[in-house]
Each structure stands twice: as C-alpha cells, then as structure tokens.
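Novice: Residue numbering for the sequence shown follows numbering that gives the first Met the number 0, starting at 0 and increasing by one per position.
Just so you know, even glycine gets a beta-carbon here, dropped at the ideal spot from N, CA and C.
Dropping the structure in here first, questions after.
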Amino acid sequence: MHTLLEELHAQADAFISLRHDIHRHPELAFDEHRTSALVAEKLQGWGYAVERGLGGTGVVGRLVRGSGQRQLGLRADMDALPIHEATGLPHASCHEGVMHACGHDGHTAMLLAAAQHLAQQGDFSGTLNLIFQPAEEGGGGALRMMDDGLFEKYPCDAIFAMHNMPGVPQGRLVLREGAAMASSDYATVTLTGVGGHGAMPHRAVDPVVAAASIVMALQTIVS
Numbered sequence: 000m001h002t003l004l005e006e007l008h009a010q011a012d013a014f015i016s017l018r019h020d021i022h023r024h025p026e027l028a029f030d031e032h033r034t035s036a037l038v039a040e041k042l043q044g045w046g047y048a049v050e051r052g053l054g055g056t057g058v059v060g061r062l063v064r065g066s067g068q069r070q071l072g073l074r075a076d077m078d079a080l081p082i083h084e085a086t087g088l089p090h091a092s093c094h095e096g097v098m099h100a101c102g103h104d105g106h107t108a109m110l111l112a113a114a115q116h117l118a119q120q121g122d123f124s125g126t127l128n129l130i131f132q133p134a135e136e137g138g139g140g141a142l143r144m145m146d147d148g149l150f151e152k153y154p155c156d157a158i159f160a161m162h163n164m165p166g167v168p169q170g171r172l173v174l175r176e177g178a179a180m181a182s183s184d185y186a187t188v189t190l191t192g193v194g195g196h197g198a199m200p201h202r203a204v205d206p207v208v209a210a211a212s213i214v215m216a217l218q219t220i221v222s
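Here is the structure:
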C-alpha cells in the first residue's frame, strides 16, 4: 500500500493541473463536449477501448486483463452548475454563469488518475468499465446512458463511485451502509382557488394561503 500511495502521489501534480483545466472550462448538463473529448483522449492514450456518445455526451472506457470473469465499474460525473464563480482563483471558470460548484471536475480528474494507474500498473484479471456520466445535476444523465444500452454493452457486477465532501479531512473516506446522501425529484401540484369579493373573503378560496401552508409543512420534513 505504501508503494501504491507513493506512485500515485508522484502523479498528483499532473492530475491537479488536469482538474484545474476542467474547472476552468465548466460545461452544463449534456453540453460536456470539451470535457468528454478530453476524457476520451486520455483513456485512448492509456489503452482503453473507448465509446463516446452514450447518453449524449457520456464516455465509457473498457480495459480487459487476463481471463477473469468479473466485470467492475468505476463511475464519475462531468457536468457543472449554472452558478457564477466569484472565487478569484487562477483557475476560476472562464464561462460566465457556469461553475464547477459541486466538485465534478475533481471526480473526473480522480477517475482519470485511477484509469492511468490501472492501465499502467493494475494487477487484475477481468474487465474494468470506467463510466463518465453527463448531466448528474438533475438532467437524468445516468438514465439516458442506460437507455442507450450502457449495461447491455458494459455489464457490471458492481459499480463504485465517490463524492467529495467539504469538511472531511483530506485523505479520509467516509462510508456507511444504505443511503449516504440526499437526492431530489420533481412534482407538480396544482391548487385551484375560487375568486370572490374583498368584502366577502369567506365565499372565496385563497390558493396562496394553501400553497404557503404546503411549503411550510414540507420544509419541516428536512429542517
């Protein structure tokens, strides 16, 4: 393990620079053309069989070693958020109103670092599928990749991924059984009111008050 960490640390500066480059050029959901091209180029250079275009801008790299039958997946997301960056960092976003504010630049760089090491030093027998997903931020990129036949083409016995967590010390992993992080979904609720005269509010139905009550009640679930 000590030798492995030393080997990876020796490559750290190169992948930090790569992460800065991705951070400087953020792309929104399904618009990750530059990022996916960079990922594909790196993977091909390390000997992976690469397919682009799954889910629109998704990328999969496959590496097969030996005669092992196990097929494992490693996954990272690539998209940024519609947020203005005001960090003032040298590698700050050069696209107005778009920023890597959730760390997907780091996720992509980390998986590429793992990809290089596994291709050059990996001692395994089986199939490795590296999945670079578009549109994680509410765009349904994972579903789009699956609809395009992701797991029919690249079946996986298990898939591993990780997410950065501000506040956790560098170099530490946090694990738990079951769900670890929140997700969101969308619902449409229609409230129908009944108009009336201001002098006779008891004959009207005010949907604004009902909507406010719903918002307050739902928010108490999480806060």
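#1: What did DSSP end up calling Gln10 once you bin it into helix, strand or coil?
#2: Roughly how far, in whole angstroms, is the beta-carbon of Pro206 from the beta-carbon of Thr187, given that I think they are within contact range, below 8 Å?
#3: Using the Cα positions of Cys101 and Gly54, report the straight-line distance between them to the nearest angstrom.
#4: Distance, Cα to Cα, Thr34 vs Glu40?
#5: What three-state label does DSSP hand Val282 in the structure shown?
#6: Please report the distance separating the alpha-carbon of Gln6 from that of Thr219.
#7: Which runs of the alpha helix (DSSP H) at least 4 residues long sit entirely within the segment 146–218? Give them in chain order.
#8: Between Ala28, Ser66, Val63, which lies nearest to Gly223 when the distance is taken from Cα to Cα?
#9: Touch check for the segment 91–101 and the segment 110–126: three-plus C-beta pairs under 8 Å?
#10: Residues in its own chain within less than 6 Å of Ile82 by CB, not counting five upstream and five downstream?
#11: Which runs of the alpha helix (DSSP H) fall wholly inside the segment 23–106 and span at least 4 residues, in chain order?
#12: Go to Gly125, then tell me how far its beta strand (DSSP E) extends in each direction, as first and last residue.
#13: As a quick exercise: from Gly137, Lys152, Leu217, pick the residue whose alpha carbon is nearest that of Asp184.
#14: Pull up the distance between the alpha-carbon of Ala134 and that of His201, whole angstroms please.
#15: Taking the alpha-carbon of Ala181 as reference, which of Leu62, Val221, Arg23 has the nearest alpha-carbon?
#16: Looking at Thr107: is its Cβ nearer than 8 Å to the Cβ of Val167?
Specialist: The relevant details are as follows:
#1: As a first step, residue 10 is located in the sequence shown; it is residue number 11 there, counting from the start. Coil at Gln10, not helix or strand.
#2: In the sequence shown, residue 206 corresponds to position 207, counting from 1. In the sequence shown, residue 187 corresponds to position 188, counting from 1. In fact, because the Cβ distance is near 14 Å, the residues do not count as touching under 8 Å.
#3: On the sequence shown, position 102 is the one that residue 101 refers to. On the sequence shown, position 55 is the one that residue 54 refers to. Going from the Cα of Cys101 to the Cα of Gly54 covers about 21 Å.
#4: Numbered from 1 along the sequence shown, position 35 holds the residue referred to as residue 34. Numbered from 1 along the sequence shown, position 41 holds the residue referred to as residue 40. Cα to Cα, the separation comes out at about 10 Å.
#5: Limits of the chain in this structure are 0 at one end and 222 at the other, which puts residue 282 out of reach.
#6: Taking the sequence shown and counting its residues from 1, one reaches residue 6 at position 7. Taking the sequence shown and counting its residues from 1, one reaches residue 219 at position 220. Here residue 6 turns out to be Glu, not Gln, going by the sequence shown. When rounded, the distance between both Cα atoms is 49 Å.
#7: 149–152
#8: Absent from the model: residue 223. The displayed extent of the chain is 0 to 222, so no value can be given.
#9: no
#10: As a first step, residue 82 must be located in the sequence shown, where it is residue number 83. Same-chain partners within the cutoff: Met98, Ala100.
#11: 32–44
#12: Counting from one through the sequence shown, the residue named residue 125 turns up at place 126. Element bounds for Gly125: 125–132.
#13: Start at 1 with the first residue of the sequence shown, and residue 184 comes out as number 185. For Asp184, the nearest C-alpha among the options comes from Gly137.
#14: Mapped onto the sequence shown, residue 134 falls at position 135. Mapped onto the sequence shown, residue 201 falls at position 202. In a straight line, the C-alpha of Ala134 is about 48 Å away from that of His201.
#15: In the sequence shown, residue 181 corresponds to position 182, counting from 1. Selected option, being the one with the closest Cα: Val221.
#16: Within the sequence shown, the letter at position 108 stands for residue 107. Within the sequence shown, the letter at position 168 stands for residue 167. No, the pair does not count as a contact, with Cβ atoms beyond the cut-off.
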